[in-house]
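I have placed the structure first, in the form of structure tokens, so that the comments after it can refer back to it.
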Amino acid sequence: MAKTGAAVIDPYELLGVTRDADEAAIKAAYRKVAKTAHPDAGGDADAFAKISACYELLKDPVRRRVFDDTGYDPQLAEPTDLKGLMVLETLINDMILDEREPGSFDPVAGLRRKLTDDILKCRFHILELERHRARVRKHLDRLGRRPDTDVLGSMLRARAQSITDAIKASEVQIAAIERAYAMLEGYSYEMEPLPVEAEVEDLPKAAE
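When the letters of the sequence shown are read in order and numbered with the working numbering, they come out as residues -4 to 203.
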């Protein structure tokens, strides 16, 4: 399973400002960074584009608020990061709605288990689709004499193509889930210590 990937772009870090920076501070920071990053000054065009995108985000109060609340911006995030974030967002809702006491269970480990299970389900689904497509293609290969219209052959080819499209969609979903898993790397969760009574009860009893 992939566990690495490009980090989500942080506009504050890229411009070198704090999260409570006002409009004037953001504008000044952008001008300072842009001077050296601009392609006319020998800078990299892609890097300058990212800097400009970060500035556009932070000077827009609505987009900035959304980024502060969610940690990403649809216009700024890399496509792979955005898909991974969308996967995580759904799981975060489940985590928040879990009524168990925080600290009594490890939600981060739960997220990892859920993502792993989803990847396995997708891979199993792909295997099933590949077997089904192979059967369709074998039927197509065994068609002998055909009329000029070849309605049956056309239908079988269309079915094989639709299965191929479904396989590609599942592969894209796996990539998104793997990216979401990579985003959880480095996290740990502090559990509440077990009560002494529970620890004693969990110990194996000595043979009488």
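Yeah, the Cβ is synthetic: ideal placement off N, Cα and C, and Gly gets one too.
Whose CA, out of the options, lies closest to the CA of residue i?
{"i": "Leu80", "options": "Asp89, Asp68, Met90, Ile91", "result": "Asp68"}
{"i": "Glu180", "options": "Glu94, Thr144, Lys133, Leu110", "result": "Leu110"}
{"i": "Leu115", "options": "Val146, Gln70, Leu135, Ala170", "result": "Ala170"}
{"i": "Asp101", "options": "Pro188, Glu8, Ile4, Pro6", "result": "Pro188"}
{"i": "Leu147", "options": "Ser183, Ala36, Ala161, Val131", "result": "Val131"}
{"i": "Pro190", "options": "Glu51, Lys30, Ser99, Cys49", "result": "Ser99"}
{"i": "Leu77", "options": "Glu185, Ile158, Tyr176", "result": "Tyr176"}
{"i": "Arg107", "options": "Ala153, Asp5, Ser183", "result": "Ser183"}
{"i": "Gln156", "options": "Asp112, Leu92, Glu125, Asp55", "result": "Glu125"}
In terms of residues, what are the limits of the alpha helix (DSSP H) holding residue i?
{"i": "His120", "result": "102 to 136"}
{"i": "Gln156", "result": "146 to 178"}
{"i": "Leu86", "result": "74 to 92"}
Which of helix, strand or coil does DSSP assign to residue i?
{"i": "Cys6", "result": "Before going further, note that residue 6 is Pro rather than Cys in the sequence given. In the structure shown, Pro6 sits in a helix (DSSP, three-state: H, G or I)."}
{"i": "Lys54", "result": "coil"}
{"i": "Leu34", "result": "Note on identity: in this sequence residue 34 is Pro, with Leu being the wrong assignment. Correct three-state label for Pro34: helix."}
{"i": "Ala16", "result": "coil"}
{"i": "Arg141", "result": "coil"}
{"i": "Asp63", "result": "helix"}
{"i": "Ser99", "result": "coil"}
{"i": "Tyr25", "result": "helix"}
{"i": "Asp39", "result": "coil"}
If you draw a straight line from the C-alpha of residue i to the C-alpha of residue j, how long is it?
{"i": "Ala(-3)", "j": "Glu18", "result": "Confidence at Ala(-3) is low in this model, with a pLDDT of 42, below 50, so its placement is unreliable and the value that follows should be read with caution. C-alpha separation (whole angstroms): 39 Å."}
{"i": "Ala72", "j": "Lys133", "result": "43 Å"}
{"i": "Val218", "j": "Ala129", "result": "This structure cannot settle anything about residue 218, because the visible part of the chain is limited to -4 through 203."}
{"i": "Tyr25", "j": "Asp64", "result": "22 Å"}
{"i": "Ile172", "j": "Pro74", "result": "13 Å"}
{"i": "Pro143", "j": "Lys163", "result": "Note that residue 143 corresponds to Asp in the displayed sequence, not to Pro. Whole-angstrom Cα-Cα distance: 32 Å."}
{"i": "Ile4", "j": "Phe43", "result": "13 Å"}
{"i": "Pro97", "j": "Gly105", "result": "13 Å"}
{"i": "Cys49", "j": "Asp160", "result": "35 Å"}
{"i": "Leu86", "j": "Arg174", "result": "14 Å"}
{"i": "Ile91", "j": "His120", "result": "29 Å"}
Leaving out the 5 sequence neighbours to the left and right, which residues in its chain are closer than 8 Å to residue i when beta-carbon positions are compared?
{"i": "Ala40", "result": "Pro34"}
{"i": "Arg14", "result": "Tyr7, Asp63"}
{"i": "Val103", "result": "Leu179, Tyr182, Ser183, Tyr184"}
Less than 7 Å between C-beta atoms, sequence neighbours within five positions excluded: which residues of the same chain meet that for residue i?
{"i": "His127", "result": "Ile158"}
{"i": "Leu151", "result": "Val131, His134, Leu135"}
{"i": "Lys30", "result": "Ala36"}
{"i": "Arg58", "result": "Leu52, Asp68"}
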